[in-house]
């Protein structure tokens, strides 16, 4: 069994045996495992509390990411996860999981372990739960043979939420991160869905037209320019704007695009909405736009990049193409 390796020798997530990951998520599901992922700031507070230095449960190991010893997993599971490099030895006799497992939409999702600092981290957090709720509230019924695209799928929460509610439709998940596509495909299969995965740098790069497109772009100003987090210029809203415009062109007549993102509010003004309204003016598309949460990631306002931002709001937008 090969759990005793240096952290920098661990292979990428997409080289892990998918069978081992399927086994892990299946066994956790059978055990009744559930875990809701918090913001990174909340996570840091919880794991820093007294008595949280070592795991005492499966939720501690695969949710909170606490270190554990081999006796805390059944031998067969410990051996399987170790051989697959899903768990690695961080210190002599102390192990940690390289993946996190969270519950959402009545199923379980594999994603990156805390802290999500790597450029290719596969993120799932509170925004993912809002995103799924928005999709279920705003999507229209889909007929047999309809196509759903989850662009920038990450762990696949948005697309899996949509396709689970409309099982007669076919799901395609696209992302620039091979690790995300790898984990999302396992998550979709665990949810009982047959989904395609596509590597793409823009919605325009995904072949075909779609009845429903869902997307949750990165929206933060990130000095490290991490792909899952950095939204570009326009105070982090550039990708939200560009992806909405590109994705709208991929809708069939009557098709719908649903976006969840975060927007900086500067001098009382939403920096994204007027740009999006201008881009869609005098076109065959109609826009619904709503502020879902007026104040998220408030700790970011203490950083230099947000010096003139008064708040960051979570917003939802829905673009519908006119039926012919």
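Residue numbers (full-length UniProt numbering): 1 to 324.
Virtual Cβ for every residue (Gly too), placed ideally from N, Cα, C.
Practice item. Pick helix, strand or coil for residue 256, following the three-state DSSP scheme. Key: To locate residue 256, count along the chain shown from 1; it is residue 256. If DSSP states are grouped into helix, strand and coil, residue 256 belongs with the strands.
Point to revise | Cα-Cα separation between residue 177 and residue 213, rounded to whole angstroms | key: Counting from 1 along the chain shown, the entry for residue 177 is found at position 177. Counting from 1 along the chain shown, the entry for residue 213 is found at position 213. Whole-angstrom Cα-Cα distance: 19 Å.
Check your understanding: Among residues of its own chain, excluding the 5 on either side of residue 306, which ones have a beta-carbon nearer than 6 Å to its beta-carbon?
Key -> Numbered from 1 along the chain shown, position 306 holds the residue referred to as residue 306. Contacts found: 300.
Review point. Does DSSP put residue 108 in a helix, in a strand, or in coil?
Key: In the chain shown, the residue the question calls residue 108 occupies position 108. Reduced to three states, the DSSP call for residue 108 is strand.
Check your understanding: Hey, how far is the Cα of residue 235 from the Cα of residue 260?
Key -> Mapped onto the chain shown, residue 235 falls at position 235. Mapped onto the chain shown, residue 260 falls at position 260. About 16 Å.
Practice item. Determine, using beta carbons only, whether residue 156 and residue 173 come nearer to each other than 8 Å. Key: Translated into the one-based positions of the chain shown, residue 156 becomes position 156. Translated into the one-based positions of the chain shown, residue 173 becomes position 173. Their beta carbons are under 8 Å apart, which means residue 156 touches residue 173 by this criterion.
Point to revise | First and last residue of the uninterrupted beta strand (DSSP E) at residue 87 | key: Here the question's residue 87 lines up with position 87 in the chain shown. Where residue 87 is concerned, the enclosing beta strand (DSSP E) stretches over 87 to 91.
Check your understanding: Mind checking residue 303: buried by the 16 CB within 10 Å criterion, or exposed?
Key -> For this step, residue 303 is matched to residue 303 along the chain shown. Looking at its Cβ environment, which holds fewer than 16 other Cβ atoms inside 10 Å, residue 303 is exposed.
Practice item. Work out the CA separation of residue 248 and residue 66 for me, nearest whole Å. Key: As a working note, residue 66 is residue 66 in the chain shown. As a working note, residue 248 is residue 248 in the chain shown. The alpha-carbon atoms of residue 66 and residue 248 are separated by roughly 42 Å.
Check your understanding: Do residue 134 and residue 287 come within 8 Å of each other at the CB atom, strictly closer than that value?
Key -> Along the chain shown, read from residue 1 onward, the residue named residue 287 stands at position 287. Along the chain shown, read from residue 1 onward, the residue named residue 134 stands at position 134. Their beta carbons are not under 8 Å apart, which means residue 287 does not touch residue 134 by this criterion.
Check your understanding: Beta carbon of residue 264, beta carbon of residue 315: below 8 Å?
Key -> Taking the chain shown and counting its residues from 1, one reaches residue 264 at position 264. Taking the chain shown and counting its residues from 1, one reaches residue 315 at position 315. For residue 264 and residue 315, no; Cβs fall outside 8 Å.
Practice item. Work out the CA separation of residue 324 and residue 114 for me, nearest whole Å. Key: Reading the chain shown from its first residue, position 114 is the one you call residue 114. Reading the chain shown from its first residue, position 324 is the one you call residue 324. When rounded, the distance between both Cα atoms is 47 Å.
**Study point:** residue 258 versus residue 70: straight-line alpha-carbon distance, rounded
**Key:** Translated into the one-based positions of the chain shown, residue 258 becomes position 258. Translated into the one-based positions of the chain shown, residue 70 becomes position 70. Between residue 258 and residue 70, the C-alpha separation is close to 44 Å.
**Study point:** Residue ranges of each alpha helix (DSSP H) within the UniProt domain "Methyltransferase small" (134 to 222), 4 or longer
**Key:** 157 to 165 and 178 to 190
Point to revise | Nearest neighbour of residue 208, chosen from 54, 198 and 25 [CA to CA] | key: In the chain shown, residue 208 corresponds to position 208, counting from 1. That would be 198, whose Cα lies nearest to the Cα of residue 208.
Practice item. Kindly provide the ranges of any alpha helix (DSSP H) runs that are 4 or more residues long and lie completely inside the region 226 to 274, ordered along the chain. Key: 238 to 248
Exercise for review: Consult DSSP for residue 299 and reduce its assignment to one of helix, strand or coil.
Suggested key: As a first step, residue 299 is located in the chain shown; it is residue number 299 there, counting from the start. Residue 299: helix per DSSP, three-state reduction.
Check your understanding: To the nearest whole angstrom, what separates the beta carbons of residue 131 and residue 101, a pair I think is in contact under 8 Å?
Key -> Locating residue 131 in the chain shown gives position 131, counting from the first residue. Locating residue 101 in the chain shown gives position 101, counting from the first residue. Not quite, the Cβ-Cβ distance comes to about 18 Å (not below 8 Å), so this is no contact.
Check your understanding: Is there contact between the region 179 to 192 and the region 268 to 279, where contact requires at least three CB pairs shorter than 8 Å?
Key -> no
Exercise for review: Could you spell out where the beta strand (DSSP E) holding residue 317 opens and where it closes?
Suggested key: Position 317 of the chain shown, counted from the start, is the residue given in the question as residue 317. Segment 311 to 321, the beta strand (DSSP E) holding residue 317.
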